[in-house]
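>
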Amino acid sequence: MENRKITRLGREVSVVGLGCWQLGADWGDVDENDALAVLHAAADAGVTFFDTADVYGDGRSERLVGRFAAARDVFVATKMGRRVEQVPENYVRANFREWNDRSRRNLGVDTLDLVQLHCPPTPVYSADAVYDALDEMVSEGRIKAYGVSVETCEEALTALARPNVASVQIILNCLRLKPLERVLPAAAEAGAGIIARVPLASGLLSGRYTASTTFAANDHRTFNRHGEAFDVGETFSGVPYEAGLAAVERLRGLVPAERTLAQFALRWIIDQPGVSTVIPGARNALQATANTAAAALPPLSDEALAGVRETYDELVRPLVHDRW
1 MENRKITRLG REVSVVGLGC WQLGADWGDV DENDALAVLH AAADAGVTFF
51 DTADVYGDGR SERLVGRFAA ARDVFVATKM GRRVEQVPEN YVRANFREWN
101 DRSRRNLGVD TLDLVQLHCP PTPVYSADAV YDALDEMVSE GRIKAYGVSV
151 ETCEEALTAL ARPNVASVQI ILNCLRLKPL ERVLPAAAEA GAGIIARVPL
201 ASGLLSGRYT ASTTFAANDH RTFNRHGEAF DVGETFSGVP YEAGLAAVER
251 LRGLVPAERT LAQFALRWII DQPGVSTVIP GARNALQATA NTAAAALPPL
301 SDEALAGVRE TYDELVRPLV HDRW
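No gaps in the numbering here: position 166 of the sequence shown is 166 in the UniProt record's numbering, and each next residue is one more.
#1: According to DSSP, simplified to helix, strand and coil, what is A69?
#2: So the candidates are E12, D132, T311; which of them puts its Cα closest to the Cα of residue 338?
#3: Would you kindly report the start and end of the unbroken alpha helix (DSSP H) that includes M137?
#4: Using a threshold of 7 Å, state whether the C-beta atoms of L18 and F68 are closer than that.
#5: May I ask you to verify whether the stretch 170-183 touches the stretch 217-232, counting CB pairs closer than 8 Å and requiring at least 3?
#6: Give a yes or no on contact between the stretch 160-177 and the stretch 185-202, applying the rule of three or more CB pairs nearer than 8 Å.
#7: Please report the residue range of the alpha helix (DSSP H) in which L39 lies.
#8: Once the 5 residues before and after A188 are set aside, which same chain residues still bring their CB inside 6 Å of it?
#9: Kindly list the residues whose CB is nearer than 7 Å to the CB of V198, restricted to its own chain and excluding five residues on each side of it in sequence; keep chain order.
#10: Per the DSSP calculation, N173 is bridged to which residue(s)?
#11: Indicate the three-state DSSP secondary structure (helix, strand or coil) for S193 in the structure shown.
#12: Cutting at 7 Å between CB atoms, please list the residues of its own chain near Y125, excluding the five before and the five after it.
#13: Since A1 sits in a beta bridge, which residues does DSSP pair it with?
#14: Would you mind reading off the limits of the alpha helix (DSSP H) that contains L266?
#15: Quick one: using the 10 Å Cβ neighbour count with 16 as the cut-off for buried, is R105 buried or exposed?
#16: Using a Cβ distance threshold of 8 Å, determine whether the stretch 52-69 contacts the stretch 297-310, with at least three qualifying pairs required.
#17: Can you tell me which of the three DSSP states Q116 falls into?
#18: In whole angstroms, what separates the C-alpha of R97 from that of P88?
#19: Compare the C-alpha of P298 against each of S14, Q263, L205, Q116 and name the closest.
#20: Would you report the Cα separation of G24 and H226, rounded to the nearest angstrom?
#21: Along the chain, where does the beta strand (DSSP E) containing S14 start, and where does it finish?
#22: Could you say if the stretch 207-217 and the stretch 289-298 meet the contact criterion of at least three C-beta pairs nearer than 8 Å?
#23: Just to confirm, is the Cβ distance from G108 to G141 under 7 Å?
#24: Do the CB positions of V47 and S14 come within less than 7 Å of each other?
#25: Between which two residues does the alpha helix (DSSP H) containing F50 stretch?
#26: Quick check: the Cα distance between N284 and E32, rounded to an integer number of angstroms?
#27: Can you name the start and end residues of the alpha helix (DSSP H) that S103 belongs to?
#28: Could you work out which residue in S276, D322, V320, A127 is closest to L9 when comparing CA atoms only?
#29: Can you say whether R323 is buried or exposed, counting buried as having 16 or more other CB atoms within 10 angstroms of its CB?
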């Protein structure tokens, strides 16, 4: 597995990581043994970067990752900030410390490898007191580093101007190209990591779904299609489902023989200059292993890259580009 250095983090991470939202909640039920099997399969395939959050299953994801990580040499990134009403006034030192204590208990560690602000209200990214509180937690040994998870490119650019922001987690995939314009170059110049999330557009880019596909009632692809529970960009990358299916059909023709659409989509992200790691989720060990195979593929051809851009510009850009 290729590893890439994040300068502000002071270490390398695997170019394919594992997103662990689905091990906690909002993707239908995942058995505990299956969840642990996913984690171990990913690590066995060379994954060293695991991303979770304190709200995934109300801590279930963190606890599972903690059990797994106790026996493996891996890097665990978690997130905080969505346990309260989403107003800037709740992003304060006292809450940060309470959330930090909880995550350290869940993960079974004294110091968190990386904590990320979990898509807070936009004004939070500009608040000096927020960064002062995070710097204090670094100096106290509560966290080794901190970063941000964002919804918009402007939020990312605001955070990257802060000297101690080690990483930016942002939606980047074949249906969300806007971060390529300014965010990835800015992160590279700053020495900050780019963590590409929602890489398969909530499974759309797996190529397995059709207009008749249904999802469980407790799956966000059912209950958040129009942003009812949280930012709609987190569900199918904010692309209307039918439009996403049309784009997928166009992309399918670009996939080389013997490769899956999912591997193609992941390789596309890996090929973007400035990406540190991409964090697909997986609901079983086979999915986890298949996702890591993208790291071993050769870079995509110029023709394939142009085809992705053309598909985006013609079918997707008008729907998403100016929103995030």
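For each residue, glycine too, the CB sits at the ideal point set by N, CA and C.
Reading off the structure:
#1: helix
#2: The first residue shown for the chain is 1 and the last is 324, placing residue 338 beyond what the model contains.
#3: 128-139
#4: no
#5: no
#6: yes
#7: 32-44
#8: G274
#9: I171, N173, E234, S237
#10: R176
#11: Here residue 193 turns out to be Gly, not Ser, going by the sequence shown. G193 falls in the strand class under three-state DSSP.
#12: V148, E155, T158, A159
#13: The residue asked about is misnamed: residue 1 is Met in this sequence, not Ala. DSSP lists no partner for M1.
#14: 261-270
#15: exposed
#16: no
#17: strand
#18: 16 Å
#19: Q263
#20: 22 Å
#21: 11-14
#22: no
#23: no
#24: yes
#25: No alpha helix (DSSP H) holds F50; the beta strand (DSSP E) holding it covers 49-51.
#26: 11 Å
#27: 93-107
#28: S276
#29: exposed
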